[in-house]
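J.:
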């Protein structure tokens with residue numbers, strides 16, 4: 002009787018189930034024929050008998066629930082819904098019986114959305130393949146996503162296992178996208194308003210450093226369709242789902258995704274408010290009106306939730322705001338201009354005329370810089386632009402260079418430092434600025450090469466030292482850098498080279514990197530300076546003078562009444578000038594570099610000329626080496642060509658000792674020195690330089706030196722008298738304007 006009563010109920014209840022489920026059972030009922038209905042009655046009895054003999058726990062559960070009438074009525078339609086299909090379909094409705102009645106009402110709506118998606122929306126599926134899939138029983142995207150690739154390839158003719166796996170993965174991706182799109186509609190109305198206030202994320206997976214188009218596609222196939230979803234995932238899960246991705250690289254991707262999300266949130270909070278959307282319509286009013294006008298009452302609840310979320314995110318937002326405030330405060334730290342006074346001493350008219358010409362040349366150079374560039378000027382501009390940076394800006398450039406190498410390591414696995422080449426063929430003479438500058442050609446210093454791995458390691462080590470110095474606001478000498486890691490550098494010449502490479506790579510001066518060289522120069526004369534907060538009058542420094550400091554960023558020129566600067570190669574000549582207090586006779590500042598000037602002395606000379614706007618004269622030996630020292634102060638050296646705009650002085654004039662002065666001032670033959678073959682070669686090399694060829698008086702003096710093949714030192718004037726230099730030679734040269 003139980004079987005008969007069950008059969009009677011099944012004939013009435015399928016019609017009710019079909020009316021509720023609708024589209025799901027329509028496709029199955031169309032395939033059924035009258036002949037199959039007769040044959041299906043026998044399998045139903047067999048299936049019922051099999052259920053009784055399957056397992057004892059099921060019988061016990063059924064026997065316990067017999068007295069309850071309500072749950073039995075709920076189970077019968079669910080079990081009898083699947084009887085017309087197959088034995089496999091009978092297991093699925095049992096899961097539905099365990100769910101509540103509320104879930105039964107929601108499931109048909111979601112299933113209708115999935116059935117509406119046609120198979121042809123999947124990539125690679127045309128009308129013919131769609132017919133074969135429906136004939137095999139995979140008539141919807143949901144069925145196809147649940148299928149196994151091996152069984153799918155067996156049931157569908159002409160479909161390989163690889164093609165079947167790609168179809169199933171594509172079906173899963175399509176279902177995920179439809180689910181994410183349908184989720185906001187199922188939320189409460191208050192959540193909809195709150196979500197509408199937050200603008201959609203504009204970030205893409207390719208915005209993450211180290212993620213290309215291929216890796217982005219593999220991440221999307223694995224379910225990580227957005228940066229937000231990737232930032233909330235675990236690295237081990239990402240590495241397991243994405244093929245060819247290690248856990249280490251997955252952790253880096255997740256960390257970078259979190260950083261991007263944090264930056265976007267900061268921009269949302271700091272930037273302008275997004276337009277509020279109410280009932281699916283945008284508010285087109287201006288952002289200012291949104292802030293000023295009060296919000297309506299129904300919008301108060303989501304606003305409170307938004308305020309709570311913003312309060313939690315206030316702490317991480319404070320860091321970028323502080324950084325911006327520091328950068329804004331950096332420009333006012335400019336040194337004040339020195340006070341220019343009058344000395345009431347007699348000045349040569351030639352010096353006054355030279356100072357006026359120098360100022361006029363500067364004004365013309367500024368005008369040409371403001372004018373549109375011609376083709377020739379654009380070609381000359383192909384040089385490395387070096388800027389004197391602050392400690393914060395230098396740190397930012399250093400971190401950017403390190404991140405570039407790190408990203409290259411993640412992308413290619415072959416990191417390398419790109420450093421400007423400082424070889425002779427990459428040195429460019431800029432005719433407009435009259436300086437030797439560094440060209441645009443670079444050299445690569447990779448890690449994977451045995452020849453360059455040592456230099457690359459040294460470069461990374463120097464970058465680390467520079468970062469620590471900038472962070473602590475300390476300066477270090479080149480010798481200290483060498484002793485910081487003797488086993489790595491081996492010799493100071495290698496560490497000195499790497500220091501210059503790092504400075505040129507960052508396109509800044511060595512002083513900005515906080516690495517200095519011990520200065521040898523000294524200065525005295527009519528100028529007052531402030532060195533590290535101490536005011537120093539260089540007229541009261543005795544005969545030794547003030548030692549030029551390498552910390553030029555802490556140096557400030559307060560006032561001066563000097564009319565020119567006198568640069569001497571020899572310290573002995575400066576001692577003669579200091580003993581005679583030559584600056585009391587003529588208003589001048591005396592400097593010596595004690596040979597080829599170091600960077601600090603050259604930079605101090607440049608500072609004096611630029612800030613005081615006075616000419617400078619050099620006093621060197623009448624030999625090829627003296628002319629070379631003058632050229633270094635004038636144009637800059639090839640080794641430090643990237644720093645030429647900050648240490649070279651194109652306004653410097655060669656006062657003496659010239660080759661023609663040997664006969665004009667009657668220097669005895671006994672104190673003259675014959676030139677050696679090396680001296681002749683140096684003079685010939687200098688004559689080949691373009692900046693020498695442009696200066697005709699300089700070329701004539703060098704050619705005269707080659708003809709007479711004689712040279713002399715500054716001390717040769719002592720053959721006349723010890724005071725001949727200060728009493729006769731210098732006053733006469735300055736009054737007549739006899740310089741190059």
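In our numbering, the protein residues as written are 2 to 741.
Ideal placement from N, C-alpha and C gives every residue a C-beta, glycine not left out.
Would residue 423 and residue 439 qualify as a contact pair, given that the criterion is a beta-carbon distance under 8 Å?
T.: To locate residue 423, count along the chain shown from 1; it is residue 422. To locate residue 439, count along the chain shown from 1; it is residue 438. The Cβ atoms of residue 423 and residue 439 lie closer than 8 Å to each other.
J.: Please classify residue 238: does DSSP put it in a helix, a strand, or coil?
T.: Position 237 of the chain shown holds residue 238. Three-state result, residue 238: helix.
J.: Of all the options 124, 143, 157, which has the alpha carbon lying nearest to the alpha carbon of residue 167?
T.: Working through the chain shown from its first residue, we reach residue 167 at position 166. Nearest of 124, 143, 157 to residue 167, Cα basis: 124.
J.: Excluding sequence positions up to five away, which residues of its chain have a Cβ less than 7 Å from the Cβ of residue 359?
T.: Reading the chain shown from its first residue, position 358 is the one you call residue 359. Result list for residue 359: 616, 652, in chain order.
J.: Report the residue from 628, 260, 554, 715 whose alpha carbon sits nearest the alpha carbon of residue 206.
T.: Sequence index remark: in the chain shown, residue 206 carries index 205 (1-based). Of the listed residues, the one whose Cα sits closest to residue 206 is 260.
J.: Does the segment 560-575 come close enough to the segment 498-518 that 3 or more CB-CB pairs lie under 8 Å?
T.: The answer is no - the segment 560-575 does not touch the segment 498-518, with fewer than three Cβ pairs under 8 Å.
J.: Starting from the N-terminal side, write out each stretch of the alpha helix (DSSP H) that is 4 residues or longer and does not extend beyond the segment 414-474.
T.: 454-473
J.: Identify the continuous alpha helix (DSSP H) that holds residue 549 and give its terminal residues.
T.: The sequence position of residue 549 within the chain shown is 548, counting from 1. Unbroken run through residue 549: none, as it is neither H nor E.
J.: DSSP three-state call for residue 738: helix, strand or coil?
T.: Taking the chain shown and counting its residues from 1, one reaches residue 738 at position 737. Reduced to three states, the DSSP call for residue 738 is coil.
J.: Just how far apart, CA to CA, sit residue 527 and residue 593?
T.: Within the chain shown, the letter at position 526 stands for residue 527. Within the chain shown, the letter at position 592 stands for residue 593. A direct Cα-to-Cα measurement between residue 527 and residue 593 gives close to 15 Å.
J.: Would a C-beta distance cut-off of 8 Å place residue 624 and residue 680 closer than the cut-off?
T.: Within the chain shown, the letter at position 623 stands for residue 624. Within the chain shown, the letter at position 679 stands for residue 680. At the C-beta level, residue 624 and residue 680 come within 8 Å of one another.
J.: Which value, in whole angstroms, describes the spacing of the CA atoms of residue 390 and residue 556?
T.: Position 389 of the chain shown holds residue 390. Position 555 of the chain shown holds residue 556. Spanning the two alpha carbons is a distance of roughly 16 Å.
J.: Using the DSSP secondary-structure output, state which residues sit across from residue 618 in a beta bridge.
T.: Position 617 of the chain shown, counting from 1, holds the residue named residue 618. Per DSSP, 567, 654.
J.: Measure the CB-CB distance between residue 177 and residue 224 and report whether it falls below 8 Å.
T.: Stepping through the chain shown from its first residue, residue 177 is reached at position 176. Stepping through the chain shown from its first residue, residue 224 is reached at position 223. Yes, Cβ-Cβ distance for residue 177 and residue 224 is below 8 Å.
J.: Can you grab the Cα-Cα spacing for the pair residue 727 / residue 630, in whole Å?
T.: Looking up residue 727 in the chain shown gives position 726. Looking up residue 630 in the chain shown gives position 629. Computed Cα separation, rounded: 22 Å.
J.: Inspect the beta-carbon positions of residue 591 and residue 567 and report whether they are closer than 8 Å.
T.: By 1-based counting over the chain shown, the position of residue 591 is 590. By 1-based counting over the chain shown, the position of residue 567 is 566. The answer is yes: Cβ separation under 8 Å.
J.: DSSP beta-bridge partners for residue 524?
T.: The residue given as residue 524 occupies position 523 in the chain shown. Bridge partners of residue 524: 547, 592.
J.: What's the C-alpha gap between residue 37 and residue 236?
T.: Position 36 of the chain shown, counted from the first residue, corresponds to residue 37. Position 235 of the chain shown, counted from the first residue, corresponds to residue 236. Any reading at residue 37 must be qualified, since the residue scores a pLDDT of 45, below 50, and its modelled position is unreliable; the value itself is stated next. Each residue's Cα considered, the two are about 53 Å apart.
J.: Assign residue 540 to one of two classes, buried (16 or more other C-beta atoms within 10 Å of its C-beta) or exposed (fewer than that).
T.: Taking the first residue of the chain shown as position 1, residue 540 is located at position 539. With fewer than 16 other Cβ atoms within 10 Å, it is exposed.
J.: To the nearest angstrom, how far is it from the Cα of residue 646 to the Cα of residue 607?
T.: Here residue 646 is taken as the residue at index 645 of the chain shown, counted from 1. Here residue 607 is taken as the residue at index 606 of the chain shown, counted from 1. Near 9 Å, if we compare the C-alpha coordinates of residue 607 and residue 646.
J.: Residue 560 by DSSP, collapsed to three states: which one?
T.: On the chain shown, position 559 is the one that residue 560 refers to. It is a strand residue.
J.: If distances are taken between C-alpha atoms only, which option among 584, 427, 635 comes closest to residue 441?
T.: The residue given as residue 441 occupies position 440 in the chain shown. Ranking 584, 427, 635 by Cα distance to residue 441 puts 427 first.
J.: Whole angstroms is fine: what's the gap from residue 23's alpha carbon to residue 118's?
T.: Residue mapping note: residue 23 aligns to position 22 of the chain shown, counting from 1. Residue mapping note: residue 118 aligns to position 117 of the chain shown, counting from 1. Any reading at residue 23 must be qualified, since the residue scores a pLDDT of 47, below 50, and its modelled position is unreliable; the value itself is stated next. If I take the Cα positions, the gap works out to 16 Å.
J.: Would you say residue 595 and residue 657 are within 8 Å of each other, going by their C-beta atoms?
T.: The count along the chain shown starts at 1 and reaches residue 595 at position 594. The count along the chain shown starts at 1 and reaches residue 657 at position 656. Not a contact, by the Cβ cut-off of 8 Å.
J.: In whole angstroms, what is the alpha-carbon distance linking residue 217 and residue 143?
T.: Taking the first residue of the chain shown as position 1, residue 217 is located at position 216. Taking the first residue of the chain shown as position 1, residue 143 is located at position 142. So the alpha carbons of these two residues sit roughly 25 Å apart.
J.: Taking Cβ positions, are residue 351 and residue 736 nearer each other than 8 Å?
T.: Locating residue 351 in the chain shown gives position 350, where the first residue counts as 1. Locating residue 736 in the chain shown gives position 735, where the first residue counts as 1. With respect to residue 736, residue 351 sits close: the two C-beta atoms are nearer than 8 Å.
J.: Does the Cβ of residue 665 have 16 or more other Cβ atoms within 10 Å, making it buried, or fewer, making it exposed?
T.: Walking along the chain shown from the start, residue 665 turns up at place 664. Counting Cβ neighbours within 10 Å, residue 665 comes out exposed, since fewer than 16 surround it.
J.: Let me know the secondary structure DSSP gives residue 581 once reduced to three states.
T.: On the chain shown, position 580 is the one that residue 581 refers to. Note: residue 581 maps to coil in three-state DSSP.
J.: Are the CB atoms of residue 154 and residue 172 within a distance shorter than 8 Å?
T.: As a position in the chain shown, residue 172 is number 171, starting the count at 1. As a position in the chain shown, residue 154 is number 153, starting the count at 1. Going by C-beta atoms, residue 172 is not nearer than 8 Å to residue 154.
J.: Determine the contact status of residue 402 and residue 445, defining contact as a CB-CB distance below 8 Å.
T.: Counted from its first residue, the chain shown places residue 402 at position 401. Counted from its first residue, the chain shown places residue 445 at position 444. The answer is no: Cβ separation not under 8 Å.
J.: Below 8 Å between beta carbons: does that hold for residue 338 and residue 644?
T.: Here residue 338 is taken as the residue at index 337 of the chain shown, counted from 1. Here residue 644 is taken as the residue at index 643 of the chain shown, counted from 1. No, the pair does not count as a contact, with Cβ atoms beyond the cut-off.
J.: Would the beta-carbon of residue 518 fall within 8 Å of that of residue 479?
T.: Locating residue 518 in the chain shown gives position 517, where the first residue counts as 1. Locating residue 479 in the chain shown gives position 478, where the first residue counts as 1. Result yes, Cβ atoms of residue 518 and residue 479 sit closer than 8 Å.
J.: By a C-beta neighbour count over all protein chains shown, 10 Å radius and 16 as the cutoff for buried, is residue 464 buried or exposed?
T.: Position 463 of the chain shown, counted from the start, is the residue given in the question as residue 464. With 16 or more other Cβ atoms within 10 Å, it is buried.
J.: Can you give me the C-alpha to C-alpha distance between residue 589 and residue 490, rounded to a whole angstrom?
T.: Translated into positions along the chain shown, residue 589 becomes position 588. Translated into positions along the chain shown, residue 490 becomes position 489. In a straight line, the C-alpha of residue 589 is about 44 Å away from that of residue 490.
J.: Can you check which of these residues, 710, 724, 472, 471, is closest to residue 583 by C-alpha distance?
T.: Stepping through the chain shown from its first residue, residue 583 is reached at position 582. Measuring from the Cα of residue 583, the nearest candidate turns out to be 724.
J.: State the DSSP-derived secondary structure class of residue 636, mapped to helix, strand or coil.
T.: Working through the chain shown from its first residue, we reach residue 636 at position 635. It is helical.
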